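First the structure, in the form of structure tokens, and then the observations on it.
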Amino acid sequence: MASKPSPDFLAILRTLLRHRVDCIVVGGVCAALHGATITTFDLDVVHSRAPENLANLQKALKDLDARYRTPGNQDRRPALSHLSSPGHQLLMTNAGPLDLLGAIGEGHTYEDLIKETIELDAGRGLIVRVLGLAALIRIKEETAQEKDRAQLAILRRTLEEKSRR
Amino acid sequence: MKRKAQTKSSRVSKKSRKTTPALPSEPTYSPDSVDLTLIRWMLSLTPAERLQVLQNNVRSILRLRGEQTES
């Protein structure tokens, strides 16, 4: 990890999908895909913690050369026990930062969220599953921190503008 | 007092020249100061184009920060 990779969200998503990883894009990239004027530097996904999916996820992470980006852990790769937990794995990959979230908000898992997702074409035929905008707002409201409050205003206005169309 | 009022008025008109004219039914800003023109512009794009905008924004910011990045 000598150089700092410029975030390439599409490259990370492509790798996850190539390995058939079941995951939902949330956070800033999800917001931007919905049309919100939000900038982010990392890709946040909630992954399925089903055993088969974790095996696929590990293969994808190997391809991405994923390691923890938290201080003191930069040489460590995420273990299966970490990926199967509801915790947040903050990783650096060869295509930029990736946050793998076992659960978000007040404990919402992949299985909880799947019914509130839609599929979008993220470019070059890459179909990604993203959390619906209304659900993204609701979950951000549950645990809103200072930075989330500023984003919430933008997300709410984006939803309003979308519903007017 | 009159002069002060004129100054303020000229400042407002300068600012309004910078902003995109909006139809009365389409305000430029929301009550909580969100720029709605940018949101409308983003909504006019496809999801793939929106992702490209985000990607370009991130690269531009990193370049402005002077960070070495791989492209």
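For the protein sequence lines, the chains are L and S, in the order given. Residue numbers are given in our numbering: position 18 of the first sequence equals residue 118, and the series is strictly consecutive. Residue numbers are given in our numbering: position 40 of the second sequence equals residue 350, and the series is strictly consecutive. Just so you know, even glycine gets a beta-carbon here, dropped at the ideal spot from N, CA and C. Keep in mind it's a predicted model, so treat the numbers as computed, not measured.
Collapsed DSSP secondary structure at residue i in the structure displayed
i: Leu226(L); result: coil
i: Gly128(L); result: helix
i: Ile254(L); result: helix
i: Thr170(L); result: coil
i: Glu219(L); result: strand
Cβ shell of residue i (< 8 Å), same chain only, five flanking positions each side left out
i: Gln365(S); result: none
i: Glu336(S); result: Leu346, Arg350
CB contact check: residue i to chain L, cutoff 8 Å
i: Arg375(S); result: no
i: Asn366(S); result: no
i: Gln362(S); result: yes
i: Pro337(S); result: no
Cutoff 8 Å: residue i Cβ touching any chain S Cβ
i: Ile254(L); result: yes
i: Asp199(L); result: no
i: Gly135(L); result: yes
i: Ser106(L); result: yes
i: Arg167(L); result: no
Those residues which DSSP pairs with residue i across a bridge
i: Gly196(L); result: Thr193(L)
Spatial neighbours of residue i in its chain, beta-carbon cut-off 7 Å, leaving aside the 5 residues before and after
i: Asp259(L); result: With the sequence shown as reference, residue 259(L) is identified as Leu, and Asp is not the correct amino acid for it. Only Leu233, Ala234, Ile237 meet the Cβ criterion.
i: Glu216(L); result: Leu231, Gly232, Ala235
Proximal residues to residue i (C-beta, below 6 Å), its chain only, five neighbours per side dropped
i: Glu206(L); result: Glu242
i: Pro151(L); result: none
Is it a yes or a no for the stretch 189-202 of chain L touching the stretch 128-145 of chain L, going by three-plus beta-carbon pairs under 8 Å?
Proximity of the stretch 189-202 of chain L to the stretch 128-145 of chain L meets the contact definition, three or more beta-carbon pairs being nearer than 8 Å.
Check whether the stretch 113-125 of chain L touches the stretch 135-142 of chain L, counting contact only when three or more Cβ pairs, one atom from each stretch, lie closer than 8 Å.
No, they do not touch.
Q. Given 8 Å as the limit, is there contact between the stretch 232-242 of chain L and the stretch 250-263 of chain L, that is, 3 or more CB pairs closer than that?
A. yes
inquiry  = Quick check: the stretch 158-170 of chain L against the stretch 211-229 of chain L, are at least 3 beta-carbon pairs closer than 8 Å?
reply    = no
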